[in-house]
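Residue 803 is where the sequence shown starts when you use the numbering used here, and the numbers rise one by one after that. Even glycine gets a Cβ: it sits at the ideal position worked out from N, Cα and C. Heads up, the thing below is written out as structure tokens.
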Amino acid sequence: MLGSIVRAIHGESRSPEGYLLLKRSYVLPDQERALGWGYIAGAMGCVIFLAAMAYLAAKFGVTSYRRPRIPWAMLSLDARIALVMLFPAFVIGWLSFFRVGLVWQAIAGQPRSDLD
Numbered sequence: 803m804l805g806s807i808v809r810a811i812h813g814e815s816r817s818p819e820g821y822l823l824l825k826r827s828y829v830l831p832d833q834e835r836a837l838g839w840g841y842i843a844g845a846m847g848c849v850i851f852l853a854a855m856a857y858l859a860a861k862f863g864v865t866s867y868r869r870p871r872i873p874w875a876m877l878s879l880d881a882r883i884a885l886v887m888l889f890p891a892f893v894i895g896w897l898s899f900f901r902v903g904l905v906w907q908a909i910a911g912q913p914r915s916d917l918d
């Protein structure tokens, strides 16, 4: 499944050794798996974060010029759950972004000419 996500984004071109070929580089199987997990985790973190933010903004009418100061004890259970979900979703999204960046940095150091 992870490989199919990466192939859908980057194409189907493969070397005789089975490496995914990009324009200037090639991707090893473990890097392909790391990219797939990074894309999935980043997308999930982003969607959860945005959904929780949209829910809280709709519930409390938060705008850039009016932010209500509501104590934690007065919040309803659904608002508490949404607030608690914000931080892990944000962290997961950013960590997966950095991980994908590190994988791409390693991929950039693997020119296609090395396979020939």
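Problem - Residues that residue 829 bridges to, as DSSP identifies them - result: 822
Exercise for the section: Please determine if the region 819 to 831 and the region 877 to 892 are in contact, where contact requires at least 3 C-beta pairs separated by less than 8 Å. Expected result: no
Problem - Own chain, CB closer than 6 Å to residue 847, minus 5 neighbours either side, in chain order - result: 891, 894, 895
Problem - Minimum C-alpha distance to residue 831 - residue among 900, 816, 844 - result: 816
Practice task
Would you tell me roughly how many angstroms separate the C-alpha atoms of residue 810 and residue 908, rounded to the nearest one?
Solution key: 21 Å
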